[in-house]
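Visitor: Residue numbers (the numbering used here), protein chains in the order written: chain A, 295 to 385; chain B, 6 to 154. C-beta: ideal position from N, C-alpha, C; glycine also. For clarity, every value in this text was computed on a predicted model and none was experimentally measured. Take a look at the following structure, please.
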Amino acid sequence: MNAGFALRLHGTAASLLWGYRTAVTLRAWSIKKDEGRWTLLATVERVDAFQARQRPLLFAAPRAGGYWCWPVESLQLGDRRLIATLGPPEQ
Amino acid sequence: MDSRFPRPETVTLTISGGDTLTVKKRLTAGEQRKSFERTYVAGIDGALKVNPLQIGLATITAFLVDWSLCGDDGARVVIRGEPLEVVEAALDALDPESFAEIKHAIEVHERAMLEARAQEKKLRGGGNGSAPISASPSGSDGGSTGSGS
């Protein structure tokens with residue numbers, strides 16, 4: 295994952311989690327922070343139709359020694375694309 | 006009363022040396038089925054047979070979410086969110102006593118959860134005058150629909 299000066303992050307693997315369960319598996323993803331709002335754009339690899347409808351969901355992206363995590367505030371889930379508004383990062 | 010849809014809740018089990026295991030409080034039907042699947046092997050004739058040696062490993066991987074175990078270098082051996090193969094490899098790399106201790110701790114937890122669920126079902130099924138399925142509100146002789154007793 296890389297962080298740019300414009301507060302844009304991106305990676306190639308991540309998940310939306312409901313607790314410990316994977317609700318949505320993501321491939322390419324990017325996050326940008328604009329006027330205090332974090333917005334996630336991602337390519338969807340796999341969706342668990344039940345878990346994806348549960349709340350709260352957490353966006354988790356692997357990093358060395360752990361995960362970056364953001365709470366998902368709103369979600370638009372398409373067949374291949376996902377757009378989500380995220381809360382402040384938790385870890 | 007717990008929902009029929011188990012929430013992804015965890016409990017922490019403490020084992021020797023102060024190490025901890027984070028395990029699923031309850032399995033879903035899907036998690037249980039996948040656990041059962043991992044115990045089956047195909048015979049020469051293609052028929053599926055249970056491999057008893059896999060039962061313990063399948064039970065552990067069904068429940069285990071995380072742990073505090075560290076390697077020789079003092080760094081935690083990461084299993085949370087890792088693919089099943091990685092978790093199984095880490096478990097297989099343990100000394101046999103540690104593997105047995107983890108297996109025992111999880112089996113005790115599983116039994117306790119099953120007993121708690123059984124108690125809950127008893128409470129759900131009686132005592133308040135409204136059985137989950139009943140033939141008639143006025144039926145006082147225990148009559149019911151469907152098969153079985």
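Measuring only the C-alpha atoms, how far is A/Pro383 from A/Leu334?
Guide: About 12 Å.
Visitor: First and last residue of the beta strand (DSSP E) that includes B/Leu32?
Guide: From DSSP, B/Leu32 is part of no beta strand (DSSP E); its letter is neither H nor E.
Visitor: Between the Cα of A/Ala336 and those of A/Asp342, A/Ala322, A/Glu367, spot the shortest distance and give me the residue it belongs to.
Guide: Looking at the Cα atoms, A/Ala322 is the closest of the given residues.
Visitor: Residues in the stretch 304-333 of chain A with C-beta within 7 Å of chain B's C-beta atoms, listed in sequence order?
Guide: Cβ contacts with chain B: Trp312, Gly313, Tyr314, Arg315.
Visitor: Determine which residues of the stretch 9-28 of chain B have a Cβ less than 9 Å from any Cβ of chain A, and write them out in chain order.
Guide: So the close ones are Phe10, Arg12, Pro13, Glu14, Thr15, Thr27.
Visitor: Going along the chain, which residues of its own chain have a beta-carbon closer than 7 Å to the beta-carbon of B/Ala110, five neighbours each way excluded?
Guide: Taken in chain order, the residues that qualify are Leu18, Ile20, Leu26.
Visitor: Does any residue of chain B bring its CB to less than 9 Å from the CB of A/Phe344?
Guide: Interface residue, yes.
Visitor: Can you tell me which of B/Gly79, B/Leu74, B/Leu69, B/Asp100 puts its alpha carbon nearest to the alpha carbon of B/Gly86?
Guide: Comparing Cα positions, the closest option is B/Leu69.
Visitor: Could I get the ranges of all uninterrupted beta strand (DSSP E) runs contained in the stretch 15-59 of chain B, with 3 residues as the minimum, in chain order?
Guide: Here the runs fully enclosed are 15-19, 25-29, 45-47, 53-55.
Visitor: With distance defined between alpha-carbon atoms, name the residue in A/Ala358, A/Ala308, A/Tyr361, A/Leu369 nearest to A/Arg340.
Guide: Nearest option by C-alpha distance: A/Ala308.
Visitor: What residues match up with A/Arg302 in a beta bridge as DSSP calls it?
Guide: According to DSSP, A/Arg302 bridges with A/Lys326.
Visitor: Determine, using beta carbons only, whether B/Lys54 and B/Gly61 come nearer to each other than 9 Å.
Guide: No. Outside cutoff.
Visitor: What runs of the beta strand (DSSP E), each 3 residues or longer, lie entirely inside the stretch 62-99 of chain B?
Guide: Segments of the beta strand (DSSP E) lying fully in the stretch 62-99 of chain B: 69-72.
Visitor: By Cβ distance below 8 Å, which residues in the same chain neighbour A/Gln269 in space, the five residues on each side in sequence not counted?
Guide: Outside the displayed span of chain A (295 to 385) sits residue 269 of chain A, for which this structure offers no information.
Visitor: For B/Val91, is the classification buried or exposed, using 16 other Cβ atoms within 10 angstroms of its Cβ as the cut-off for buried?
Guide: It is exposed - the Cβ of B/Val91 has fewer than 16 other Cβ atoms within 10 Å.
Visitor: How many Å lie between A/Asp328 and A/Tyr314 at the Cα?
Guide: Approximately 29 Å, taken between the alpha carbons.
Visitor: Do B/Thr66 and B/Leu89 have their beta-carbon atoms positioned less than 9 Å apart in this structure?
Guide: Result yes, Cβ atoms of B/Leu89 and B/Thr66 sit closer than 9 Å.
Visitor: In the DSSP assignment, find the unbroken beta strand (DSSP E) run with B/Gly130 in it and report its ends.
Guide: Element bounds for B/Gly130: not the beta strand (DSSP E) but the alpha helix (DSSP H), 101-130.
Visitor: Can you name the residues of chain A whose CB is closer than 9 Å to the CB of B/Glu86?
Guide: The identity of residue 86 of chain B in the sequence shown is Gly, whereas the question assumes Glu. Near B/Gly86 (Cβ distances below 9 Å), the residues of chain A are Ser309, Leu311, Tyr314, Thr316, Ala354, Pro356, Tyr361.
Visitor: Work out the CA separation of A/Ile325 and A/Glu367 for me, nearest whole Å.
Guide: Whole-angstrom Cα-Cα distance: 14 Å.
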